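Visitor: One structure, as structure tokens, below. Some questions next.
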Amino acid sequence: ASNSSVQYVIATASGNNSRGFGSQYCAYHSATSSTVGNVAYTNLPYITDAGASCGANFNGLGPKAGITIVSGHEMAETLTDQFPNGGWLDSSGGENGDKCAWISSGQGASADVTFPNGSSFPVQSLWSNAFNNNSGGCVLSFP
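If you want it as structure tokens, here you go:
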């Protein structure tokens, strides 16, 4: 399929957010059918417009923390559940990012992660079935 490995991200400008942003969702991913097949997309509103409702200063990670936490969450879910409810879900219908969203302390808490180039960004953990001797859990990284 021509769109099987493509993710379209619709990033809106400040003040151009759809109903429910900040109160019902921070971002979301979905899919739609088109003449070229199913197309996966992420609706990524201007996250800082929602302030703390969508991650600003979450866990003391700074006013822009929500940008990387929320966008990383949606990117990961699009990779594992590209066409919602057709990929990886737990027994209650939760995706790998939803299971670990907004953890503030302990195992799987959101934190700054430093990348090989020295840059660091706030990220949330994601579910790993292999963690904890295959019992699963939320992790920021796993070998």
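My numbering puts the first residue of the sequence shown at 2, with every later residue one more than the last. All C-beta atoms, glycine included, are put in the ideal place defined by N, C-alpha and C. All values reported here derive from a predicted model rather than from experimental measurement.
Applying the criterion that 16 or more other CB atoms from any shown protein chain within 10 Å of the CB defines a buried residue, is Ile-11 buried or exposed?
Guide: Reading the sequence shown from its first residue, position 10 is the one you call residue 11. By the 10 Å Cβ count, Ile-11 comes out exposed.
Visitor: Should Leu-127 and Gly-98 be called a contact, given that it needs their Cβ atoms to be closer than 7 Å?
Guide: Taking the first residue of the sequence shown as 1, we reach residue 127 at position 126. Taking the first residue of the sequence shown as 1, we reach residue 98 at position 97. Yes, the pair counts as a contact, with Cβ atoms nearer than the cut-off.
Visitor: In its own chain, which residues sit with a C-beta less than 8 Å from the C-beta of Ser-54, not counting the 5 before and 5 after it?
Guide: Within the sequence shown, numbered from 1, the residue matching residue 54 stands at position 53. Excluding residues within five positions, the ones whose Cβ falls inside 8 Å are Gly-23, Ser-24 and Cys-27.
Visitor: Please classify Asp-91: is it buried, with 16 or more other beta-carbons within 10 angstroms of its beta-carbon, or exposed?
Guide: The residue labelled residue 91 in the question sits at position 90 within the sequence shown. It counts as exposed.
Visitor: How would you label Ser-105, buried or exposed, when you count the other beta carbons within 10 angstroms and need 16 or more for buried?
Guide: Numbered from 1 along the sequence shown, position 104 holds the residue referred to as residue 105. Answer is exposed; the Cβ neighbour count stays below 16.
Visitor: Does DSSP classify Asn-133 as helix, strand or coil?
Guide: To locate residue 133, count along the sequence shown from 1; it is residue 132. Helix, per DSSP.
Visitor: Do you know offhand how far Ser-121's Cα is from Val-114's?
Guide: Sequence index remark: in the sequence shown, residue 121 carries index 120 (1-based). Sequence index remark: in the sequence shown, residue 114 carries index 113 (1-based). So the two alpha carbons sit approximately 5 Å from each other.
Visitor: Rounded to a whole number of angstroms, what is the C-alpha to C-alpha distance between Gly-38 and Met-76?
Guide: For the purposes of this step, residue 38 is taken as the residue at position 37 of the sequence shown. For the purposes of this step, residue 76 is taken as the residue at position 75 of the sequence shown. Roughly 20 Å between the two C-alpha positions.
Visitor: Can you find at least 3 beta carbon pairs, one from the stretch 78 to 87 and one from the stretch 45 to 52, that sit closer than 8 Å?
Guide: As far as the Cβ criterion goes, the stretch 78 to 87 does not touch the stretch 45 to 52, which means the pair count is below three.
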